[in-house]
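Peer 1:
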Amino acid sequence: MKYQEVSYEQISRKQKELIRESLKRWWFRYSKSKLSILGLGIFLVIAVLALFADYVTPYPSNAGLYINFKQSYLPPSTEHLLGTDMYGRDVFTRTIFGFRYALMMVGVVLGLVVPPGVVLGLIAGYYRGTWIDTIITRVSEVFIALPPLVLALSIASVLEPNIFNAMMAISLMWWPWYVRLVYSMTSSLRNEQYVYAAKAIGMPTYKILFKELLPNMLGPILTKVTLDAGWIIIIGAAISFVGLGAQPPTPDLGTMVSEYSRYLPDYWWMTFGPAIGITLLILSFNLIGDGIRDAFAGE
Amino acid sequence: MIKSKSLLKVQNVTILFRKNIGVLKKEDMIIRAVDGISFDVEEGEILGIAGESGSGKSTLAKSIAGLLKPTSGIILFEGENIYEIKGEKYRYFRKNVQMVFQNPFGSLNPSMKIRDTLKDVLKAAKKETNEDVLRSLMEFVNLNYEILDKYPSELSGGQAQRVAIARAIATQPKLLILDEPTSALDVSVQAQILTLLKKIQTEKGLTYILISHDIGVIRYLCKRVIVMKAGKIVEQGDIEDIIYRPKEEYTKRLVESLLRLYGYIEN
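These protein sequence lines are chains A and B, in that order. Just so you know, the numbering used here puts 202 at position 202 of the first sequence, and the rest follows in order with no gaps. Each number in the numbering used here corresponds to the 1-based position in the second sequence with 299 added.
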């Protein structure tokens, strides 16, 4: 066989090219569905708006505590795109600021939930049938057995109701689902021959878990993460709606819907803004999740 | 107690599997995969293990490779019980006993490039992982270095098995366990892999344990062969004796079925 001389620079350049190519292929499969592009578009617009809320909104001071009764109960107009509320605050501005809290909630909860869930699932699946497995799965089953919303509500009500405790409560009930997902995938993948091969070369167990097993489950995990992002917003909004999450005047979407629902149906535009905001955010996460699932399935 | 010449000593190894049968009334069934097997492997020899599927060959291979602890009996590598050693001695055993699996696609991680797979082996054995080492490995198994940047799914069966062999010899082991190394491959590729294995053995002076249901494959590489049936050794000895003068009915059938497969029966 021919053995052609090439320099190391050429090799690293080739490697970069290959990475770019595999990303391109991934994007090709993702972008085959126009809906997942739409989802990504909605999400990016929302994320940019939320990030630069202070600059893109017409009345940034209206986000929190602000009262101007002269402007109250105004219907949608060019000046106030989604109208104003009972204190004269611009609903559009508050909705954009609400995205900030929603995205922060998603980020914090997923950050608290995914790493421990995945690690525990990997360990339990790898040591399936031993006492380690028994402890981890039994404890997570206890959390799964409790109705999630009820558990979150009771935690949020026992502790002081604020957005931080709401996030803690959601995280506490969410991690077992990641344990479950990763556990089932690990216990089937651990009998693959490449895992035996890794054991045979004397690879340490933590490397087998994170280098051999984890990359092969990235697809389902990422899909679940994006779909869960939508769920977290729903649950977060539900907790806020019953008054156990963020407290007014925090511009949280769920809190806003709860605050403004008293003025339905005469002043419908107040609820319309945050409700459409929640819907769009959840829709975008679901569309992205579908796209990611399809992109990984094609591999 | 232990002869210094033998590299590997398998003493009275038994491996049992427990299986739960039934839904309401649980009944324990015990399967004897390997049943009291003993043999020695000398340094530099190629030992063949033959037997039909389900005879416990692969289970035994896993056990020798240190992946499956036998229910009873001991396996000694250079005089040390491989399931009791720890630390530096364990690493020495891992480095010196390598295995090539039956299905090359199954034994290579689908999400890793060949380069990373090989690097991991070399790292685990605390060896250099630079480009030269990787390329000379690829060259040794007659593969183009461009394959380093591919994923297993992009390779042909023969290429993947060559990579698996490259991985196994990367740590420069003393003993290589080949578990049906050719049975997942096309006949034309089988011959190439066997030639490669023979070349490696003569160049590096390795010891092989070759496991196969194919007497022809074993005859090509081995001198001594062990015939297994239902976890027990039925017959052992020189390969030519086994083929032309089988003592047991089972061996006879095994050989005959193979010869019929190739379209001829000698004599």
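Yeah, the Cβ is synthetic: ideal placement off N, Cα and C, and Gly gets one too.
#1: For A156/A, count neighbouring Cβ atoms within 10 angstroms of its own Cβ and tell me buried if that reaches 16, exposed if not.
#2: How big is the Cα-Cα spacing for G572/B and E445/B?
#3: Suppose you measure from the CA of A166/A to the CA of Y55/A; what does that come to, to the nearest Å?
#4: Less than 8 Å between CB atoms is the rule here; does K199/A satisfy it with respect to chain B?
#5: If you pair each beta-carbon of the region 393-400 of chain B with each one of the region 461-480 of chain B, do three or more pairs fall below 8 Å?
#6: Out of R89/A, Q193/A, G125/A, I288/A, state which residue places its alpha-carbon closest to the alpha-carbon of G405/B.
#7: Are the CB atoms of R523/B and I538/B within a distance shorter than 8 Å?
#8: Starting from the C-beta of I542/B, find all residues in its chain whose C-beta is less than 8 Å away, skip the five residues before and the five after it, and write them out in chain order.
#9: DSSP puts T506/B in a beta bridge; with which residues?
#10: Using the DSSP secondary-structure output, state which residues sit across from L315/B in a beta bridge.
#11: If I measure Cβ to Cβ from A63/A and keep anything under 7 Å in the same chain, skipping five residues before and after, which residues do I get?
#12: Which partner residues does F376/B have in the DSSP bridge list?
#13: Please list the residues of the region 182-209 of chain A that have a C-beta atom closer than 9 Å to any C-beta atom in chain B, keeping them in chain order.
#14: Taking the beta carbon of V106/A as the centre, do at least 16 other beta carbons fall within 10 Å, making it buried, or is it exposed?
#15: Quick one: Cα of E212/A to Cα of L74/A, how far?
#16: Just the Cα atoms here: how many angstroms apart are R13/A and I19/A?
#17: If you run the structure through DSSP and keep just helix, strand and coil, what is I564/B?
#18: CA-CA distance, G291/A and A275/A?
#19: Name, in chain order, the residues that DSSP records as bridge partners for R523/B.
#20: Rounded to whole angstroms, what's the CA-CA distance from T501/B to Q491/B? Just pull it up for me.
#21: Need the endpoints of the beta strand (DSSP E) that M217/A sits in, please.
#22: What residues of chain B sit near L146/A, judged by a beta carbon separation below 7 Å?
#23: Residues of the region 453-472 of chain B with a CB closer than 9 Å to any CB of chain A: list them in chain order, please.
#24: Candidates E377/B, L436/B, A364/B, Y450/B: which alpha carbon is nearest E341/B's?
#25: Does any residue of chain A bring its CB to less than 8 Å from the CB of A360/B?
#26: Tell me the rounded alpha-carbon separation between S272/A and L82/A.
#27: CB-CB under 6 Å to F300/A, same chain, minus the five flanking residues each way: which ones, in chain order?
#28: Taking all protein chains shown into account, do 16 or more other C-beta atoms lie within 10 angstroms of the C-beta of Q401/B, making it buried, or fewer, making it exposed?
#29: Using a Cβ-Cβ cut-off of 7 Å (strictly less than) and excluding sequence neighbours within five positions of Q460/B, which residues of its own chain qualify?
#30: Could you say which of V179/A, L151/A, L103/A lies nearest to R138/A if we only look at CA atoms?
#31: Within 10 angstroms of the Cβ of G277/A, are there 16 or more other Cβ atoms? Answer buried if so, exposed if not.
#32: Pull up the DSSP beta-bridge partners for M398/B, would you.
#33: Going residue by residue through the region 404-468 of chain B, where are the continuous alpha helix (DSSP H) segments of at least 4 residues, counting only ones entirely within it?
#34: Among R434/B, V399/B, K426/B, E547/B, which residue has its Cα nearest to the Cα of R414/B?
#35: Who are the Cβ neighbours of R89/A in its own chain at under 7 Å, not counting the five residues just before and after it?
#36: Residue range of the alpha helix (DSSP H) that E192/A falls in?
Peer 2: Quick look at the numbers:
#1: Along the first sequence, one-based indexing puts residue 156/A at 156. Classification for A156/A: buried.
#2: The structure shown does not extend to residue 572/B, since chain B is modelled only from 300 to 566, so the question has no answer here.
#3: In the first sequence, counting from the first residue as 1, residue 166/A sits at position 166. In the first sequence, counting from the first residue as 1, residue 55/A sits at position 55. Spanning the two alpha carbons is a distance of roughly 28 Å.
#4: Position 199 of the first sequence, counted from the first residue, corresponds to residue 199/A. Taking Cβ atoms only, chain B reaches closer than 8 Å to K199/A, which makes this a yes.
#5: The region 393-400 of chain B vs the region 461-480 of chain B: in contact.
#6: If you number the second sequence from 1, residue 405/B lands on position 106. Closest by alpha carbon: Q193/A.
#7: Here residue 538/B corresponds to residue number 239 of the second sequence, with the count starting at 1. Here residue 523/B corresponds to residue number 224 of the second sequence, with the count starting at 1. It is a contact, given that the beta carbons lie within the stated cut-off.
#8: The count along the second sequence starts at 1 and reaches residue 542/B at position 243. Taken in chain order, the residues that qualify are I514, R518, V554.
#9: Stepping through the second sequence from its first residue, residue 506/B is reached at position 207. Per the DSSP secondary-structure output, T506/B pairs in a beta bridge with L474/B.
#10: Position 16 of the second sequence, counting from 1, holds the residue named residue 315/B. The partner list for L315/B (beta bridge, DSSP) reads R331/B.
#11: Translated into positions along the first sequence, residue 63/A becomes position 63. Its chain contains T93, R94, F97, P251 as the residues whose beta carbon lies nearer than 7 Å to that of A63/A, once the 5 sequence neighbours on both sides are disregarded; these appear in chain order.
#12: The count along the second sequence starts at 1 and reaches residue 376/B at position 77. Per DSSP, L307/B, E379/B.
#13: Per Cβ criterion, the list reads E192, Q193, Y194, V195, Y196, A197, A198, K199, A200, I201, G202, M203, P204, K207.
#14: On the first sequence, position 106 is the one that residue 106/A refers to. Classification for V106/A: buried.
#15: Within the first sequence, numbered from 1, the residue matching residue 212/A stands at position 212. Within the first sequence, numbered from 1, the residue matching residue 74/A stands at position 74. E212/A and L74/A: Cα-Cα distance of roughly 60 Å.
#16: As a first step, residue 13/A is located in the first sequence; it is residue number 13 there, counting from the start. As a first step, residue 19/A is located in the first sequence; it is residue number 19 there, counting from the start. Rounded to whole angstroms, the gap between the alpha carbons of R13/A and I19/A is 10 Å.
#17: On the second sequence, residue 564/B is found 265 positions in, with the first residue counted as 1. Caution is warranted here: a pLDDT of 48 is assigned to I564/B, below 50, making its placement in the model unreliable, and no coordinate value can be reported.
#18: Counting from one through the first sequence, the residue named residue 291/A turns up at place 291. Counting from one through the first sequence, the residue named residue 275/A turns up at place 275. G291/A and A275/A: Cα-Cα distance of roughly 24 Å.
#19: Within the second sequence, the letter at position 224 stands for residue 523/B. DSSP output for R523/B lists L346/B, D537/B as bridge partner(s).
#20: Mapped onto the second sequence, residue 501/B falls at position 202. Mapped onto the second sequence, residue 491/B falls at position 192. Near 16 Å, if we compare the C-alpha coordinates of Q491/B and T501/B.
#21: Within the first sequence, numbered from 1, the residue matching residue 217/A stands at position 217. M217/A -> no beta strand (DSSP E), and no H or E assigned at all.
#22: As a first step, residue 146/A must be located in the first sequence, where it is residue number 146. By Cβ distance, chain B contributes nothing, its closest Cβ being about 29 Å from L146/A, past 7 Å.
#23: Residues passing the 9 Å Cβ filter: A463, R466, A467, A469, T470.
#24: What you label residue 341/B is simply residue 42 of the second sequence in a count that begins at 1. Cα-wise, what sits closest to E341/B is E377/B.
#25: Looking up residue 360/B in the second sequence gives position 61. Taking 8 Å as the threshold, the shortest C-beta distance from A360/B to chain A does not fall below it.
#26: Taking the first sequence and counting its residues from 1, one reaches residue 272/A at position 272. Taking the first sequence and counting its residues from 1, one reaches residue 82/A at position 82. The sequence as given places Phe at residue 272/A; Ser does not occur at that position. Taking the straight line from one Cα to the other gives about 8 Å.
#27: Only positions 1 to 299 of chain A appear in the structure, and residue 300/A is not among them; the question remains open.
#28: The sequence position of residue 401/B within the second sequence is 102, counting from 1. With 16 or more other Cβ atoms within 10 Å, it is buried.
#29: The sequence position of residue 460/B within the second sequence is 161, counting from 1. Excluding positions up to five away in sequence, the list reads P403, P480, L484, I492.
#30: As a working mapping, residue 138/A is identified with position 138 in the first sequence. That would be V179/A, whose Cα lies nearest to the Cα of R138/A.
#31: Residue mapping note: residue 277/A aligns to position 277 of the first sequence, counting from 1. With 16 or more Cβ atoms within 10 Å of its Cβ, G277/A is classed as buried.
#32: By 1-based counting over the second sequence, the position of residue 398/B is 99. I476/B, per the DSSP bridge assignment.
#33: The region 404-468 of chain B contains these whole alpha helix (DSSP H) runs: 413-423, 430-439.
#34: Sequence index remark: in the second sequence, residue 414/B carries index 115 (1-based). Closest in C-alpha terms to R414/B, from the list R434/B, V399/B, K426/B, E547/B, comes R434/B.
#35: As a working note, residue 89/A is residue 89 in the first sequence. So the qualifying residues of the chain are N62, Y66.
#36: As a first step, residue 192/A must be located in the first sequence, where it is residue number 192. Going by DSSP, E192/A is part of no alpha helix (DSSP H) at all; its letter is neither H nor E.
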